[in-house]
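One line per chain: the protein sequences are A and B, in this order. Its first residue numbered 1, the first sequence is counted upward by one per residue in the working numbering. Its first residue numbered 443, the second sequence is counted upward by one per residue in the working numbering. Step one of this worksheet: look at the structure below.
Protein chains: 2
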Amino acid sequence: MTEPTATAHVRKRLVPCRECSESDLSQRARWAGGETLATSLMAKALANPDLVSLAAGFIDQDTLPVEPTRRAMEAIWSNPVRARAALQYGTTIGHLPLRKILMERLLAADGQTARRMNVSTDQIVVTAGSNELLYLVSDTILDPGDIVLCAAPSYFVFLGTLANLGVRAVGVEADEQGIVPEAVEEELERRRAARELHRVKAIYVISYYDNPSSVTVPAERRAALVDIAKRYSNGNRIRVIEDTAYRELRYWGEDVPSIRSFDPEGNTVVMAGSFSKSFSPGVRVGWGVLPPDLVEPVLSQKGNIDFGSPNFSQYLVWTLLEQSLFDDHVATVREGYRRKIAATLEAADEFLAPIDGVEWIHPTGGLYVWLRLPESVDTGLSGPLFDRAVREGVLYVPGVYCYPTESPRVPKNMIRLSFGVPCRDDIRRGIEALARAIHQVL
Amino acid sequence: MTEPTATAHVRKRLVPCRECSESDLSQRARWAGGETLATSLMAKALANPDLVSLAAGFIDQDTLPVEPTRRAMEAIWSNPVRARAALQYGTTIGHLPLRKILMERLLAADGQTARRMNVSTDQIVVTAGSNELLYLVSDTILDPGDIVLCAAPSYFVFLGTLANLGVRAVGVEADEQGIVPEAVEEELERRRAARELHRVKAIYVISYYDNPSSVTVPAERRAALVDIAKRYSNGNRIRVIEDTAYRELRYWGEDVPSIRSFDPEGNTVVMAGSFSKSFSPGVRVGWGVLPPDLVEPVLSQKGNIDFGSPNFSQYLVWTLLEQSLFDDHVATVREGYRRKIAATLEAADEFLAPIDGVEWIHPTGGLYVWLRLPESVDTGLSGPLFDRAVREGVLYVPGVYCYPTESPRVPKNMIRLSFGVPCRDDIRRGIEALARAIHQVL
């Protein structure tokens, strides 16, 4: 692999490539670039089968919901009308009873009424995971050269989507409470001064148990973000894209109302949700709550791509929710992950805390621990730590991949650890291996 | 509805709209345009519940495969390892054992070996219906302003996808054997003379039981299309996009080897397939056979959109194929549609044949009858026939929607009839109603 830094890597993909202007590929395909981080990491994992992977954001194999799914499917087969409908085409927006339950659950979680939140089922779209919703919205509101402000660090798959669209991902300072509203405002002022404010179309925020930083944005910052987006929407509208993929994975502490609940008109916030982390990624059902003016254009794009999400999966999730099979399962899932994160933090205290300059944010939910190493340690794929870690038996995601292309600074000493897949013994073994590798490079 | 002609309607969407340059939407979203044909027709259907819909390309409610699906799901649940794997993330390219069966079935259908066809599972991608494959390939090889040659008439949903991408759909003459190779070559020569040959990136062909014209392209034309695409690929490559969505729905006559089988290197033909018509659109599993150089770019785009198709649906289809549940079901489906198409043709003979100037191609498979009315009859949504037909109790797809934006001529007197959904009595009732409406306008 030739890969000096991730920023160079990502930036390369944003510049229209002159050498390949003779390419058979579209401009978008060229922006999308070649080998992804996931592919490189998977190759490492395949070549070293004993490796403990603290890299993949996959979920716990043992908590996969075989029994609840089997029961929901049985309920579907027991009703011939429902069974046939599940196998027929649906509508592009998604199955209405499912969208109704999604809305009711959102209102209950946020302690709101539909009227106060100005939300209706017409704004709720079912998608192939939250990922498709993020793609559809991006494709609908972003042109090449447009700007999306993202916390630095941010979800690297979404950064790849933005690169694919030729969109500039601009990093904004984040701390232990997530993206800093004052930093967002400063960035917007900088863009105004550079006469680029009209190119800023969105602020992307993972509002619960961020991937990778694990932080949750507190209520006052949520309100501030909506306020800023509204104030700086002059001529063009700045949307807040709220990614709630991890909201259900809360292990300690209280839930916070969604950013959407701080946008009572519903014109500013686009909300994306998912059952992939809380239930099953194999079912791939996600959803979005859209500002009214985006519903038709997003559905138009979705119609072109997949003509609506599989009815079969939608009926499954609807039945799971209707019969409380989902809620019962999520309680089990939470309990399982709570034990795993405890094992992760315990091992970190034992093996990593003694190393000077190693620190981390204590997560209260989600699937990640965001680790800072001493500044001298380059955690990148071609740095000294990565191969030593693999030799010692552990795989991680180098932090540089999680920084937007245009970030104020990209620390090279960060690591994302995921505790979703490995068992508690393996987590401990993996963190011990990581500590050994760090000792070697110090 | 203000809609003079479908071509104007579609063309409108291809021209970047100056008035809405201040829009909050991306250029692509603006190209995608507003209300779709499907939406308009669905509104008519909802407002007239007694209407016989000969419009929707949906499939027969009674033949939806409840029992085979239930049995396949039981087989999945009976194997805990398989059950858990079905609920976990898969790979972006799709489940390998499924791709292997898809390849074996293709080779068997075409009477070929993998070596002679130069095909491997690495080129086979599982998608959300064939629709997603068509979108992904288009997004990967087409830039705004590029040209795709399509039979006139062609599949109107794909024409919408091309409009969405800002791509020019150029219509080429088709007859009772589908797209005319000599007309393709003439069109390419015209593009060469206009110095636009480098913008021609693909020829789109529905090779079996075309939607809407019901024709199947014979072997010699298949070979000729591949030959033309290769000969005119200078600098830029011209692909043949072969849509085989209806291949399994053969009621009479012999199967023909795929266009892909006439491209032994596999660099020219992109093949799209689907289980939506032959099994269940609710499951939404399709696939593609890609030229080797398109695999990585297409997967890169797919990774951004949905991160891989639902594993759950893929395991289901894999099990259905593995246990011959699919083949048994398809035999039933064929038998059901054979009876319906017989009813359609019988009613057409009785009610439509007596009307001077009404004629149709006798389909041997698929879901459509493509009807020509006397030239004086405008079948469009705002023409005199459509509302009369609705009043008499039948809904159809006006033929103008099936013509590419830039077509040599767009006859206004064509109709697409689908016999997939209604029962035989309703088909007869619908065609009788259509005949009454035609008599009224003559």
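Idealized CB from N, CA, C, for every residue including glycine. Quantities reported herein were computed from a predicted structural model and do not represent experimental measurements.
Would you check if the distance between the CB atom of residue 282/A and the CB atom of residue 536/B is smaller than 8 Å?
-> no
Of all the CB atoms in chain B, is at least one closer than 8 Å to the CB of residue 326/A?
-> no
Does any CB atom of chain A fall closer than 8 Å to the CB of residue 565/B?
-> no
Span separating the alpha-carbon of residue 136/A from that of residue 301/A | 7 Å
Would you tell me roughly how many angstroms separate the C-alpha atoms of residue 224/A and residue 107/A, rounded to the nearest one?
-> 21 Å
How about residue 414/A and residue 379/A: are their beta carbons less than 8 Å apart?
-> yes
Counting only beta-carbon atoms, is residue 887/B nearer than 8 Å to chain A?
-> The first residue shown for chain B is 443 and the last is 884, placing residue 887/B beyond what the model contains.
Nonlocal neighbours in the same chain, by C-beta distance under 8 Å from residue 832/B, ignoring five residues either side = 486, 490, 493
Using the C-alpha atoms, what's the distance from residue 633/B back to residue 411/A?
-> 52 Å
Let me know if residue 631/B comes out buried or exposed under the rule of 16 or more other beta-carbons within 10 Å of its beta-carbon.
-> exposed
Spell out a yes or no on whether the segment 139 to 153 of chain A and the segment 750 to 764 of chain B are touching, meaning 3 or more CB-CB pairs, one atom from each, closer than 8 Å.
-> no
Does the distance from the CB of residue 618/B to the CB of residue 659/B come in under 8 Å?
-> no
Determine the DSSP secondary structure at residue 201/A, reduced to helix, strand or coil.
-> strand
Tell me, which residues are paired with residue 127/A by DSSP?
-> 286/A
Residue 429/A - containing alpha helix (DSSP H), residue span | 424 to 441
Listed by chain order, chain B residues near residue 70/A by CB distance under 7 Å | 519
Whole-angstrom C-beta distance between residue 504/B and residue 779/B, which should lie under 8 Å | Wrong, their Cβ atoms sit about 11 Å apart, outside the cutoff.
Validate contact between the segment 642 to 649 of chain B and the segment 671 to 686 of chain B using beta carbons, cut 8 Å, 3 pairs = yes
Report the option in 722/B, 705/B, 755/B whose CA atom is closest to the CA atom of residue 734/B.
-> 705/B
Is there a Cβ from chain B that is less than 8 Å from the Cβ of residue 311/A?
-> yes
Could one say the Cβ of residue 149/A lies closer than 8 Å to chain B's Cβ atoms, at least one of them?
-> no
Mark residue 522/B as exposed unless 16 or more other C-beta atoms lie within 10 angstroms of its C-beta, in which case mark it buried.
-> exposed
Outcome for residue 873/B when other beta-carbon atoms lying within 10 angstroms are tallied against a minimum of 16 = buried
In chain B, which residues lie less than 7 Å from residue 132/A when you measure between Cβ atoms?
-> 747, 748
Which parts of the segment 327 to 397 of chain A are runs of the beta strand (DSSP E), unbroken and 3 residues or longer, counting only runs that do not cross its ends?
-> 368 to 372
Following the continuous alpha helix (DSSP H) through residue 72/A, name the residue where it begins and the one where it ends.
-> 66 to 77
With a Cβ-Cβ cutoff of 8 Å, do residue 813/B and residue 861/B count as a contact?
-> no
Can you tell me which of the three DSSP states residue 448/A falls into?
-> The question about residue 448/A has no answer, for chain A in this structure spans 1 to 442.
Classification of residue 440/A by the beta-carbon crowding that lies within 10 angstroms, buried from 16 upward = exposed
DSSP-derived helix/strand/coil call for residue 496/B | coil
Counted within 10 angstroms of its Cβ, other Cβ atoms place residue 676/B as buried (16 or more) or exposed = exposed
Apply the 10 Å Cβ neighbour rule to residue 324/A and answer buried if 16 or more other Cβ atoms are within range, or exposed otherwise.
-> exposed
Boundaries (first-last residue) of the beta strand (DSSP E) holding residue 241/A = 239 to 243
Is the Cβ-Cβ distance between residue 358/A and residue 373/A less than 8 Å?
-> yes
Go ahead and pull the three-state DSSP assignment for residue 274/A.
-> strand
With a 10 Å radius around its C-beta and 16 neighbouring C-beta atoms as the bar for buried, classify residue 409/A as buried or exposed.
-> exposed
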